[in-house]
Amino acid sequence: MNATPQAAPAVLDRIRVVLSHPSHPGNIGAAARAMKTMGLSRLVLVNPKAFPDSQADAMAAGATDLLVAAEVVASLAEALRGTTLAMAMTARRRELAVPALWARDGAAELVAMAASGEVALVFGNETSGLSNDELAMCRRWAMIPVNAEFSSLNLAAAVQVMCYELRLAAIDPGLPPAISGAGTLASHDEVEGLIAHIERAAIASEFLDPASPKRLIQRLRRMFSRAGPEKEEVAILRGLFAALEAGPRMPGGKLHGMPRTSDD
């Protein structure tokens, strides 16, 4: 084979690889090495069990610069700040807002979105994967088509597969162009801000019982994951809920036409 290695496409600089609650430092180092071989460099660690660690350095084998530059955060929400798309890797089919993509299709979508903004590829803990709450924070989900009879895939191996697919998508000249006329997608922070605003307005109007809001918030995240709202759309909804909060009220402070729900 006479193919010549190519330089890392610039679009890969806008893709961050997020490892949520990794328990084995060796996997962190091996993941960093997998990233560097495919031209990715932005590693984010959510509450790692042990980091920095000599085992991570040893397994990085030439990619310790990625470990030095790695960002360590306390939560997935913090890891996703500033992104317009977060894609979660999952090995199990769950109740998801939209069907999971195969790895190759997911990588192509991430690369296409990275052409105009920051995106994230999210991996879960080696044993338990991503929690339902973490999955709900991601707009897309992807799966690696492994052998059903032996589906266990090491974290670093999964990172290697996805980084290869990302690089392949980035250097493929046949990628479809961006959708003409499409607006700029709202960032993760903007969507989370909208959800928090809706929750406040719902509680203030007594539409929502504040003692049990969690299921509603999860449903809202799923809805916005399907919709992929643009910045203008989020701004419109924020304005709408601000107006409802300040609008005419019935005696006792309730908004007209807003029955209370227990969020069952």
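The numbers in the numbering used here rise by one with no breaks, and the one at position 50 of the sequence shown is 52.
The beta-carbon is built from N, C-alpha and C at its ideal position, and this holds for glycine as well.
Everything numeric in this text was worked out from a predicted model, so none of it was measured.
Subject >> Spatial neighbours of S189 in its chain, beta-carbon cut-off 7 Å, leaving aside the 5 residues before and after >> reply: Only G84, T85 and T86 meet the Cβ criterion.
**OP:** Compute the distance between the beta-carbons of A109 and L168, then report whether it is under 7 Å.
**Re:** Their beta carbons are under 7 Å apart, which means A109 touches L168 by this criterion.
**OP:** For L21, name the three-state secondary structure that DSSP assigns.
**Re:** Strand, per DSSP.
Subject >> Span of the alpha helix (DSSP H), counted from its first residue to its last, around M61 >> reply: The continuous alpha helix (DSSP H) containing M61 extends over residues S56 to A62.
Original post:
Taking the continuous beta strand (DSSP E) assigned at T85, which residues delimit it?
Top reply: Per DSSP, the unbroken beta strand (DSSP E) holding T85 starts and ends at T85 to M91.
Subject >> N- and C-terminal bounds of the alpha helix (DSSP H) containing F243 >> reply: In this chain, the alpha helix (DSSP H) harbouring F243 covers K233 to A248.
**OP:** State buried or exposed for I205, treating a residue as buried only when at least 16 other CB atoms are found within 10 Å of its CB.
**Re:** Looking at its Cβ environment, which holds fewer than 16 other Cβ atoms inside 10 Å, I205 is exposed.
Subject >> Backbone CA spacing between F243 and E201 [nearest angstrom] >> reply: Between F243 and E201, the C-alpha separation is close to 10 Å.
Original post:
To the nearest angstrom, how far is it from the Cα of A105 to the Cα of P27?
Top reply: Those two C-alpha atoms are separated by around 25 Å.
Subject >> Residues that V46 bridges to, as DSSP identifies them >> reply: DSSP lists V20 and E73 as partners of V46.
Subject >> Residues bridged to A122 [DSSP beta-bridge criterion] >> reply: In DSSP, A122 forms a bridge with R18 and A88.
**OP:** Taking only runs that begin and end inside the segment 112-172, name each unbroken beta strand (DSSP E) of 3 or more residues, in chain order.
**Re:** DSSP runs (the beta strand (DSSP E)) wholly in the segment 112-172: 120-125 and 142-145.
Original post:
Considering only the beta carbon of each residue, do L47 and V13 sit closer than 7 Å?
Top reply: No.
Subject >> M37 versus P24 - alpha carbon distance >> reply: In this structure, the straight-line span from the alpha carbon of M37 to that of P24 is close to 16 Å.
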